[in-house]
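For the sequence shown, the tail end lands on 648 under full-length UniProt numbering, and the numbers increase by one without skipping.
Quick reminder that beta carbons are idealized off the backbone N, C-alpha and C, glycines included.
Please read the structure below before turning to the comments.
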Amino acid sequence: MATRRMTVAQAVVEFLGRQYTVDNIGSETYRERLIPGMFGIFGHGNVAGVGQALKQYQSKDPALMPYYQGRNEQAQSHQAVGYARHTRRRATYAVSTSIGPGSSNLLTGAALATANRLPVLLLPSDTFATRAADPVLQQLEHSHGYDITVNDAFRPLSKYFDRVNRPEQLFSAMMNGLRVLTDPVETGAVTISLPQDVQAEVFEVPGEFLAEREWRIRRPEPEADDIARAAAQIKAAKRPLIIAGGGVLYSFAQDALLELAQKTGIPVAYTQAGVGTIAWDSPHSLGAIGSTGTTAANALAAEADLVIGIGTRYEDFTTASRTAFQNPELRFININVAPLDAYKHGTALPIVADARKALVALNTALGGYRVGADLETTIASQKQRWDATVDAAFSTRHNPLPAQNEIIGAVHGAMDERDVVICAAGSLPGDLHKMWRIKDAHGYHVEYAFSCMGYEIAGGLGVKRAVIDEATRGAAENRDVVVMVGDGSYLMMHTELVTAVAEGIKLITVLIQNHGYASIGSLSESLGSQRFGTQYRQLDAATHSFDAGAKLPIDLATNAESLGVKVIRIEPGTDAIDKLAAAVATAKAAPEGSGPILIHVESDPLLDAPDSESWWDVPVSGESDLESTRAAYATYTGHKARQRNFLG
Numbered sequence: 001m002a003t004r005r006m007t008v009a010q011a012v013v014e015f016l017g018r019q020y021t022v023d024n025i026g027s028e029t030y031r032e033r034l035i036p037g038m039f040g041i042f043g044h045g046n047v048a049g050v051g052q053a054l055k056q057y058q059s060k061d062p063a064l065m066p067y068y069q070g071r072n073e074q075a076q077s078h079q080a081v082g083y084a085r086h087t088r089r090r091a092t093y094a095v096s097t098s099i100g101p102g103s104s105n106l107l108t109g110a111a112l113a114t115a116n117r118l119p120v121l122l123l124p125s126d127t128f129a130t131r132a133a134d135p136v137l138q139q140l141e142h143s144h145g146y147d148i149t150v151n152d153a154f155r156p157l158s159k160y161f162d163r164v165n166r167p168e169q170l171f172s173a174m175m176n177g178l179r180v181l182t183d184p185v186e187t188g189a190v191t192i193s194l195p196q197d198v199q200a201e202v203f204e205v206p207g208e209f210l211a212e213r214e215w216r217i218r219r220p221e222p223e224a225d226d227i228a229r230a231a232a233q234i235k236a237a238k239r240p241l242i243i244a245g246g247g248v249l250y251s252f253a254q255d256a257l258l259e260l261a262q263k264t265g266i267p268v269a270y271t272q273a274g275v276g277t278i279a280w281d282s283p284h285s286l287g288a289i290g291s292t293g294t295t296a297a298n299a300l301a302a303e304a305d306l307v308i309g310i311g312t313r314y315e316d317f318t319t320a321s322r323t324a325f326q327n328p329e330l331r332f333i334n335i336n337v338a339p340l341d342a343y344k345h346g347t348a349l350p351i352v353a354d355a356r357k358a359l360v361a362l363n364t365a366l367g368g369y370r371v372g373a374d375l376e377t378t379i380a381s382q383k384q385r386w387d388a389t390v391d392a393a394f395s396t397r398h399n400p401l402p403a404q405n406e407i408i409g410a411v412h413g414a415m416d417e418r419d420v421v422i423c424a425a426g427s428l429p430g431d432l433h434k435m436w437r438i439k440d441a442h443g444y445h446v447e448y449a450f451s452c453m454g455y456e457i458a459g460g461l462g463v464k465r466a467v468i469d470e471a472t473r474g475a476a477e478n479r480d481v482v483v484m485v486g487d488g489s490y491l492m493m494h495t496e497l498v499t500a501v502a503e504g505i506k507l508i509t510v511l512i513q514n515h516g517y518a519s520i521g522s523l524s525e526s527l528g529s530q531r532f533g534t535q536y537r538q539l540d541a542a543t544h545s546f547d548a549g550a551k552l553p554i555d556l557a558t559n560a561e562s563l564g565v566k567v568i569r570i571e572p573g574t575d576a577i578d579k580l581a582a583a584v585a586t587a588k589a590a591p592e593g594s595g596p597i598l599i600h601v602e603s604d605p606l607l608d609a610p611d612s613e614s615w616w617d618v619p620v621s622g623e624s625d626l627e628s629t630r631a632a633y634a635t636y637t638g639h640k641a642r643q644r645n646f647l648g
């Protein structure tokens, strides 16, 4: 093919606009845009490079690479991650930034994407490659390494990092970057640093680079010997347990998982990322497992002699900091596309394969196997016990301020099964994990690998973009997206509400005002630190304390209104929960395109969710003058005695 004369930035934009993912699930083949759009906040570094290129193509071919405005670079990356998760990693957005703080604002977003193993393409601008202007505004200078820039901070946070110091380097940088972006094992943040002078530099671009290109998502088959060994171990087990993680959803394996549970009677518990892998009311579903799990799942985990982990990375909440599994005869089978997770904690049988393909093979290999009647009786009994606990938590009424349990129950009751709940940090993720009753595989979206305060609204906006795109293509019916967020996370990053206003995007936000950090307050109290520094109070200058002063006179409902958001206020009182449910129904009835709606409700942060009968390892000071800390340390040492060195 012939070459074309263009700038590096123009080549980036046109190249990205012609990339597609191809995914084969059974007999179905899916093909869609890998990068359907680009976010950007312009400053020196990208205004004359990527900014110019986006403007040029907006005039020439608006559909090639649509531009989306945002209010914070970190929030833009969160939107991309939310979009990527809802599309099951088949698509994501690119994010362009200026140099300096524009780039460094992306660092948290990069870490979040990589921790969650979700693709996002970051294009931070950089200082002059030629050093023609040196030092340029916002440039770092290191006497021991003059080639170090702000963007080098992305290296440990990205799954792939490159810097395009010459135009000719763009080809390999982009090819390698998209290879990682579409790899189910290696995916995460892909960062390609673009010096501002290189962005505007002209060169000859081969036509092959600008042609349409397909990236097939790899879905490796399991080895027959591994499946045979797994089937033998399952048949020999007395109390097997399945732990379903996010990998089940990313491989579209939920139907194969349900078939396995129905045929064998093996119970299924799910991780935070695995919510949606099986319906909550399935007779084989134990619900959430671990530190924020159900008593049903944790009771079965304690006695399990074989755990079949599917698509889970076994983070500490899942294993209750390695105290969840107490059977001395316990063995593990780990099915995961990533060897890192398949081999984790010395598992006896790692199966490195696509989760769906492995489950299909297991369903065949297990033949007529079924668990004993005694285990099925235990499953039913434990489910009944936990379901009654949640029913009570949802129906109990506290006045004048409701418990968070009641708020969750009201929001859940007002939503449709296909709607999506969004959350990320604080006490809400744990309470949602154990109590949210999910039926739709796409209905639950909680970012908990990085547990990033401020993700909620931005991530929810990314999910809503994916929902809108699905409906536009006719790939799925429309869904409402409901963000649940506490005041602490809201204050961290609520500015993407302005983005929703600008685009008329109907995003529903339930803002729970509890005047502080409720989650860490509760944790602090349990660790003997007396909720220190976790309440939003006026400073007592004499003691330099924020613990006992008056509540801050802030009005977050008015704050949201000032951003152009429609707000529904729920006043404290005996009918607050009924009014909350009605408000969610009202918000859902609003037409698409009418803009964001925020529902403001106050809660009592001292009313806890039902106990998971589990534990999370957060070290307690071994020496203290505080009696509360000494008591907490005694409890801590008791739990530590139950920890296992390896999972098995």
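Query                                                                                                                      : Result
Contact set for A502: own chain, Cβ-Cβ below 7 Å, skip 5 residues either direction                                         : Q69
Coarse secondary structure for L67, derived from DSSP in three states                                                      : Here residue 67 is Tyr; the residue named in the question, Leu, does not match the sequence. Three-state DSSP puts Y67 in a strand.
Rounded Cβ spacing between V202 and R4 (contact assumed at less than 8 Å)                                                  : About 11 Å; that fails the 8 Å criterion.
Alpha-carbon spacing of D547 relative to T558, whole angstroms                                                             : 25 Å
Counted within 10 angstroms of its Cβ, other Cβ atoms place S59 as buried (16 or more) or exposed                          : exposed
Neighbour-count burial assignment, K551, 16 or more Cβ in a 10 Å radius                                                    : exposed
CB-CB length for V164 against S143, believed under 8 Å                                                                     : Wrong, their Cβ atoms sit about 26 Å apart, outside the cutoff.
Buried/exposed call for T130, threshold 16 Cβ in 10 Å                                                                      : exposed
Burial state of M453, where buried means 16 or more other Cβ atoms lie within 10 Å                                         : buried
Burial state of S395 (16 or more Cβ within 10 Å)                                                                           : exposed
Identity of the residues DSSP links to W215 by a beta bridge                                                               : T21
beta-carbon L286 near the ligand HEM non-hydrogen atom, thresh 8 Å                                                         : Ligands in the displayed structure: none, and consequently the ligand HEM is not present.
A81 versus Y455, R213, F332, residue with shortest Cα-Cα distance                                                          : First, the amino acid is wrong: residue 81 is Val here, not Ala. Here the closest residue by C-alpha is Y455.
Where N24 falls, given that 16 or more other Cβ within 10 Å makes a residue buried                                         : exposed
Segment contact flag, the region 622-631 with the region 527-540, C-beta cutoff 8 Å, min 3 pairs                           : yes
As assigned by DSSP and simplified to three states, the class of S614                                                      : coil
For A276, the nearest candidate out of K263, A299, G246 (CA to CA)                                                         : Sequence inspection shows Gly at residue 276; the Ala mentioned does not correspond to that position. Taking only the C-alpha atoms, the option nearest G276 is G246.
Limits of the unbroken alpha helix (DSSP H) element including L497                                                         : 496-503
Cut-off 8 Å between Cβ atoms - residues of its own chain near L210, not counting five sequence neighbours on either side   : R4, A11, E14, F15, R18
Expected contact under 8 Å - CB spacing of N151 and N105 to nearest Å                                                      : In fact, because the Cβ distance is near 12 Å, the residues do not count as touching under 8 Å.
Straight-line Cα distance separating R88 from P119                                                                         : 10 Å
Alpha helix (DSSP H) segment containing M175, residue limits                                                               : 170-181
Contact check, D578 vs A410, beta carbons under 9 Å                                                                        : yes
Bridge partner(s) assigned by DSSP for Q535                                                                                : G516
L606 classed as buried or exposed, judged by whether at least 16 other C-beta atoms fall within 10 angstroms               : exposed
Under the three-state DSSP convention, the category L527 falls into                                                        : coil
Three or more C-beta pairs below 8 Å linking the region 267-285 and the region 431-438                                     : yes
Minimum length 4: unbroken alpha helix (DSSP H) runs contained in the region 327-395                                       : 339-342, 355-365, 373-395
Outcome for F154 when other beta-carbon atoms lying within 10 angstroms are tallied against a minimum of 16                : buried
Start-end ranges of the alpha helix (DSSP H) lying completely within the region 2-53, minimum 4 residues                   : 8-16
K235 beta carbon less than 9 Å from that of L366                                                                           : yes
Own chain residues within Cβ distance below 8 Å of F252, not counting five before or after                                 : I25, R88, R356
Chain-order list of residues whose beta-carbon lies under 7 Å from that of A475 (same chain, five-residue window excluded) : none
C-alpha distance - P610 paired with T389, whole-angstrom precision                                                         : 7 Å
N- and C-terminal bounds of the beta strand (DSSP E) containing Y160                                                       : 160-163
Close beta carbons around N176, own chain, < 8 Å, minus the five adjacent residues each side                               : Y160, D162
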